[in-house]
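Novice: Sharing a structure below in structure tokens format, with a few things to ask.
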DNA sequence: CCTCGACGGTATCCATTGGTAACTGGCTAC
DNA sequence: GTAGCCAGTTACCAATGGATACCGTCGAGG
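Residue numbers (UniProt numbering), protein chains in the order written: chain L, 1 to 120; chain V, 1 to 120.
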């Protein structure tokens, strides 16, 4: 009845992690850092319009989860560099599978939506 | 700079679909329907405590996106059966990749969180 | 009778969250 | 002196998520 794990138990940590991964910004941060470390503003500019507050929240969470590291260089102006940890990098593959699926099915979904709205 | 697609463009449909897939309940609905059609209450009971309103919203969205079908049997008491479409079923694989990742990394993430909170 | 429960939802309300806009501090360049 | 850079933070507000209660219709049970 239940999957191999127990994602159906609300108290299961898998569920929490699933939520985390499913987060819009988390996915985009991972993809952004794919090709190397970035600074805060580089992330902000690379990801189409994120509120800095939200980006900070996302990055802190990801740091806490061990997906990225945050290195602060106490210079003026300040410099903070975010880097994927090996665990964070291991997320690229699963995320790619999802984005591939999404891109493949965009036309079908758009079409389904149009059909649905048609007879509404 | 950008992935194969353009998930970084906020107006890109891929982004919308990504949000959809990332949705907590959508994932659980797909997994629930994996082994066959289910009725509303079966879904509700199978997924650890969902508010009916939220489940309805989720199901309507998924129906609109062409991931599931909704069949109403005008009986008393009413019977409504939800079934994965082929497209919906094609989501099982990608989702499994993610859940596998999540389950594999639960210990590491939990450990990372503990370490982070330790020195906070 | 008449009330109770099954089913597939709505309706209402509140808490949490996502997001916007403005501001901070410290230094450097104009 | 004042404008700007970076990496945020601090209000503040709108939207969303979620809990709870309720609806109509019917057959079953008392």
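For every residue, glycine included, the Cβ atom is placed at its ideal position computed from N, Cα and C.
Tell me, to the nearest whole angstrom, how far the beta carbon of residue 47 of chain V is from that of residue 17 of chain L; I am working on the premise that it is less than 8 angstroms.
Specialist: Actually they are not in contact, since the Cβ atoms of residue 47 of chain V and residue 17 of chain L sit about 17 angstroms apart, beyond 8 angstroms.
Novice: Is the distance from the Cβ of residue 58 of chain V to the Cβ of residue 26 of chain V below 8 angstroms?
Specialist: Yes, the pair counts as a contact, with Cβ atoms nearer than the cut-off.
Novice: For residue 38 of chain V, which of helix, strand or coil comes out of DSSP?
Specialist: In this structure, residue 38 of chain V counts as strand in the three-state DSSP scheme.
Novice: Run through chain V and tell me which residues come within less than 8 angstroms of residue 106 of chain L, C-beta to C-beta.
Specialist: 13, 14, 17
Novice: Are residue 76 of chain L and residue 33 of chain L close, meaning C-beta to C-beta below 8 angstroms?
Specialist: Contact flag unset, no.
Novice: Along the stretch 17-31 of chain L, what residues have a CB closer than 8 angstroms to any CB found in chain V?
Specialist: 17, 18, 19, 21, 22, 23, 24, 27, 28, 31
Novice: Taking the continuous alpha helix (DSSP H) assigned at residue 110 of chain V, which residues delimit it?
Specialist: 92-118
Novice: Start and end of the beta strand (DSSP E) containing residue 67 of chain L?
Specialist: Looking at the DSSP string, residue 67 of chain L is not in any beta strand (DSSP E), and its letter there is neither H nor E.
Novice: Residues in the same chain with beta-carbon distance under 8 angstroms from residue 124 of chain V, minus the five sequence neighbours each way, listed in chain order, please.
Specialist: This structure does not reach residue 124 of chain V, given that chain V is present from 1 up to 120, and the question cannot be answered.
Novice: Checking 8 angstroms against the spacing of the C-beta atoms, do residue 62 of chain L and residue 29 of chain L come in under that value?
Specialist: yes
Novice: According to DSSP, residue 28 of chain L sits in a beta bridge with which residue or residues?
Specialist: Paired residues: none, contrary to the question.
Novice: What does the Cβ neighbour count give for residue 56 of chain L, buried or exposed, with the cut at 16 atoms within 10 Å?
Specialist: Burial call: exposed.
Novice: Give me the Cα-Cα distance between residue 22 of chain L and residue 91 of chain L, rounded to the nearest whole angstrom.
Specialist: 12 angstroms
Novice: Taking residue 87 of chain L as the query, report the chain V residues whose CB atoms sit under 9 angstroms from its CB, ordered along the chain.
Specialist: 105, 108, 109, 112
Novice: Can you list, in chain order, the residues of its chain with a C-beta nearer than 8 angstroms to that of residue 80 of chain L? Leave out the 5 residues immediately preceding and following it.
Specialist: 39, 40, 70, 71, 72, 73
Novice: Reducing DSSP to helix, strand and coil, say where residue 54 of chain L ends up.
Specialist: helix
Novice: Going along chain V in order, which residues have a C-beta closer than 9 angstroms to the C-beta of residue 81 of chain L?
Specialist: Against chain V, a Cβ distance below 9 angstroms from residue 81 of chain L picks out nothing, because the smallest value is about 18 angstroms.
Novice: Do you know whose CA, among L/105, L/116, L/101, L/95, lies nearest residue 24 of chain L's CA?
Specialist: The shortest C-alpha to C-alpha distance from residue 24 of chain L to any of L/105, L/116, L/101, L/95 is the one to L/95.
Novice: Mind pulling the chain V residues with CB within less than 9 angstroms of residue 8 of chain L?
Specialist: 28, 31, 32, 46, 47, 48
Novice: According to DSSP, is residue 49 of chain V helix, strand or coil?
Specialist: coil
Novice: Return the chain-ordered list of same chain residues with a C-beta closer than 7 angstroms to the C-beta of residue 44 of chain L, the five sequence neighbours on each side being excluded.
Specialist: 50, 52, 55
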